[in-house]
Amino acid sequence: MTYPWLEGQLTSTAYGWRLERSDGVAIGFTSHDRDVLIDGLVYRSSPGMAPSSIVETLGLEIGSLEVSGALTSDAIRTEEIEAGLWDGAALTVFLFDWSDPIAAIFTLAMGHLGAINWSGSAFEVEFLGPAARLSASGVPLASPTCRARFAGPGCNLNARRFTQEAVIIAAQGQTLTLATPLASDPSHFALGELRWLAGPNCGQRQQIVSATATGIILIAPPAFPVEESALVSLLQGCDRTIATCSGRFENALNFRGEPYLPGNDLLTRYPGGS
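Read in order, the letters of the sequence shown correspond to residues 1 to 274 in this note's numbering.
What follows is the structure, encoded as structure tokens:
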């Protein structure tokens, strides 16, 4: 594909950034001095944002890119960063012709956000490209507990069987009060997951520590104030042991672990024989 607007003595190019969170919220920024509409998304003017040099390699080396600037837009708030809403967000950096935004764009890099550091209103974001995945282990480590996410790939249980919607009528710190009692055994929700379906926390997921018939205790307080009658989805938990997988879920066939593999404690038994 050719890009005539990149040729010639005078160009009309600008940078564009498209950010998409894991909950589907997407925003755009541009280095142009005016807002630009591209593919139905408004890219807000942020002339202060600038990417570092983008390094591309033909081998398997991990390239590098950093984006820095100032939090001048209400679309990205400090409290949202602290709450982890932007962790791992998909990022696309590209060049485009600001005089004809409908024309084809030139993609410079695609990947996900890494570490986010800020001081006051200034911030710096690390960019992790596709090559960053090569640093992860390609072989699962042996473990006595299941490595699969409960009701996820590998576990193969239907999450809907173990999910219940509930209404929160009060919140104090990590403790939430439910409008009606849980339909299932409250102990089954320990180590489970709560997903906010409405209110300021909508889209966020939090781990459940324990539950009673009418209460939920989270591992951490909600990032934002909880509105009265906020709707949530509760997914039961699993301690990932073979006993629970077999006895409670009858799913030992899909157990992703090595429950009978000798551990380090075996070394302490011999040669003393105790």
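Idealized CB from N, CA, C, for every residue including glycine.
- Residue burial annotation: Tyr43 is buried, with at least 16 other C-beta atoms found within 10 angstroms of its C-beta.
- In this structure, Ile168 sits near Val232, with a CB-CB distance shorter than 8 Å.
- Counting the other Cβ atoms within 10 Å of the Cβ of Leu253 gives fewer than 16, which makes it exposed.
- Nearest to Ile217 by alpha-carbon distance, out of Gln172, Arg256, Ala243, Pro200, is Gln172.
- Here His32 has Ala14, Ser45, Trp98 as same chain residues with Cβ atoms under 7 Å from its own Cβ, once five neighbours each way along the sequence are excluded.
- Distance from the CA of Phe249 to the CA of Gln207, rounded to the nearest whole angstrom, comes to 20 Å.
- Taking Cys146 as the centre and dropping the five residues before and after it, the same chain places the C-beta of Arg240, Cys245, Phe255, Arg256, Gly257 closer than 7 Å to its C-beta, in chain order.
- A distance below 7 Å between beta-carbons, with the five flanking residues on each side excluded, links Phe94 to the following residues of its chain, in chain order: Gly16, Ile105, Phe106, Thr107, Leu108.
- DSSP places Arg195 within a strand segment (E or B) once states are collapsed to three.
- Boundaries of the beta strand (DSSP E) harbouring Thr212: 205-212, taken from the DSSP string.
- Of the residues Arg18, Gly24, Asp23, the one whose Cα lies closest to the Cα of Leu41 is Arg18.
- Using a 10 angstroms sphere on the CB of Leu261, the tally of other CB atoms stays under 16, which defines it as exposed.
- Exposed is the label assigned to Gly154, since fewer than 16 other Cβ atoms lie within 10 Å of its Cβ.
- The residues Ala223, Phe224, in chain order, have a CB closer than 8 Å to that of Glu79 in the same chain once the five nearest residues on each side in sequence are set aside.
- Listed in chain order, the non-local C-beta contacts of Ser210 below 7 Å within the same chain comprise Ala190, Ile217, local neighbours out to five positions each way being set aside.
- Here Leu235 is near Phe162, since their CB atoms are less than 8 Å apart.
- For Ile242, the three-state secondary structure derived from DSSP is helix.
- Residue range 13-20 is occupied by the beta strand (DSSP E) that includes Glu20.
- Within its own chain, the residues whose Cβ lies closer than 6 Å to the Cβ of Ser229, once the five positions on either side in sequence are excluded, are Val167, listed in chain order.
- Distance check between Pro144 and each of Ala243, Ala83, Thr30, Asp35 places Ala243 closest, using alpha-carbon atoms only.
- DSSP places Ala159 within a helical segment (H, G or I) once states are collapsed to three.
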